[in-house]
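Here the structure is laid out as structure tokens; the discussion comes afterwards.
In the numbering used here, the protein residues as written are -10 to 252.
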């Protein structure tokens, strides 16, 4: 895990998210790429290059955010790109090879209904890059315990578990598996992938209407430092990943959330 991409929005938590990413990168000796997309519409007849002005303002904003954090000894690079966030991230990934995206969740306040905003939600939905969401004001600490929730132990992707394996190796992390038997489960779902089995410290099998309800029931028991889930094309948290925002009434955690994907 060498390249970490941090999309920066206009939220007050941008600096905190970046600081978390830098602290994490410092532990694993990775590079951080701070990224912001911009768009502009040209007006006919104007002599002002609007795109150039917005690009300059975007770079200034990124530099201001970076100056507000402790970079430690981490190699921090700035990227501004014209276009949509998803298209820009895909282009950056193709050029640099991004191992992890670290992005801020919206807010810890339950009064606000959105957990993942459009940026994080669209990246979860439309890219195959592993994503780590960081709650507002959450301070970095080494990951010693992960609760990994899933409703099928079948992992077809050969790359999906790589980020989790890296974290376990780097931080000597305990991984507690939570296999949720939903009403639609099959016997095949109960067979745990051999690579996932190797990561296991404990295994809890529970029966719930949804995987989300299983997480709610067992979250406090395990008291993890991080929650880990799969984003599958079908099945796991399917309802949540279908749209570009995730509501707190559907899913909410006050801990970093690692969303594994894989090609």
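Note that beta-carbon positions come from the ideal geometry of N, C-alpha and C, so glycine has one too.
If you're wondering where the values come from, they're calculated on a predicted model, not measured in any experiment.
- The criterion of a C-beta distance shorter than 7 Å is not satisfied by residue 134 and residue 15.
- For the beta strand (DSSP E) assignment, the uninterrupted runs of no fewer than 3 residues enclosed by the region 73 to 154 are, from N- to C-terminal side, 89 to 93, 103 to 105, 120 to 123, 134 to 139.
- Beta-bridge analysis with DSSP links residue 70 to 26.
- Under the three-state reduction of DSSP, residue 6 is assigned to helix.
- Cβ contact annotation for residue 10 (same chain, cutoff 6 Å, sequence separation greater than five): -7, -5, 21, 91, in chain order.
- Counting along the chain, no alpha helix (DSSP H) covers residue 189, and no H or E run does either.
- When Cβ pairs closer than 8 Å are counted between the two stretches, the region 200 to 214 is seen not to touch the region 174 to 182, the count staying below three.
- Between residue 150 and residue 184 a beta carbon distance of about 5 Å is seen, short of the 8 Å cut, so the two are scored as contacting.
- The alpha-carbon of residue 163 is positioned some 12 Å away from that of residue 212.
- Residue 247: member of the beta strand (DSSP E) spanning 246 to 249, first to last residue.
- Secondary structure of residue 197 (DSSP, three-state): coil.
- Distances from the alpha-carbon of residue 209 to those of 187, 220, 165 put 165 closest.
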